[in-house]
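Below is one structure, written out as structure tokens; comments come after it.
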Amino acid sequence: EGVASVPSPPDRSANKAWLRALELTAPIAQNPHRVFPTVIDELAETSGEAPALLSDRERLTYRALAERSNRYARWALDQGLARGDAVCLLMPNRPEYMAIWLGITRAGGVVSLLNTNLAGPSLAHCIDLVSPKHIIAAADLVEPLTTALPHLAGAAKIWAHGTGSDAFPRIDRDVERYAGDTLSGGERPPVTIEDRALYIYTSGTTGLPKAANVSHFRLMQWSHWFAGMMDTRPTDRMYNCLPMYHSVGGVVAAGAVLVAGG
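3 is the number of the first residue of the sequence shown in my numbering; add one for each residue after it.
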């Protein structure tokens, strides 16, 4: 009692983390045409055969991730998808998940990341919120999707991904028709950081889920900010235990390591 307290010294490591985050995010607004899919293309050139996304069923190098996403971009363009048109994605975590939304957003589309635990009217509600032109469902989730179909207000074209369902055309086969090289300037729509990229849903704990708009700017900001805060490096690996339809599991966890080449 009566002894003056000594202030704690500043946390220099925290200061450095904030500085790194600011340095990585400050250039984003100055390069409006450099969106997250562009970053993946750049990494395909510099990190080529380094592993980008790994799972128990798939392995995608940076080059393979870029090529796979370019196939989906060309598929989207061939389907006549216009800037701002929505595509719903119902799929469990896997590397292909990111390849799909990278490609469709590269083409100017907006991907709605559906909660894989939903079915029936709840799933139909989330689909109707974004009025999609297409719905892509993993083969093992086609059954819960069919329980939502009677409740849908729209008439989106449905695609299955993978074996086990003959009810809908197979998108994983269809995309093989398209080239995986980088889209030329004439093919690529003028997407900028101001364009919408994803719909990510609220949890629905205070009512039915709502579709939050996520722009290309937010994808760049989230991934680069956390890359700076965590000081991610090419030698790093992140184990992602969260669903990829979630903003943290689908963008922050993967993106913060990917942009560093990890």
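Glycine included, every Cβ here is placed at the ideal spot set by N, Cα and C. A quick note: this is a predicted structure, and the numbers were derived from the prediction, not measured.
The Cβ atoms of G164 and A181 lie no closer than 8 Å to each other. Here C90 is buried, its C-beta having at least 16 other C-beta atoms within 10 Å. Of all C-beta pairs linking the segment 211 to 225 to the segment 243 to 254, three or more are shorter than 8 Å, placing the two stretches in contact. For the 8 Å CB-CB criterion, V41 and G110 do not form a contact. Beta-bridge annotation (DSSP): T63 is paired with P53. Per the C-alpha coordinates, the member of A162, P171, D168 and D130 positioned closest to G156 is D130. For P29 and W20, the gap between their C-alpha atoms comes out near 15 Å.
The closest CA to that of V113, considering only P39, R198 and D233, is found on R198. In this model, L104 and T184 are separated by some 13 Å (Cα to Cα).
DSSP places C90 within a strand segment (E or B) once states are collapsed to three. Judged by their CB atoms, T48 and A54 are not nearer to each other than the 8 Å cut-off.
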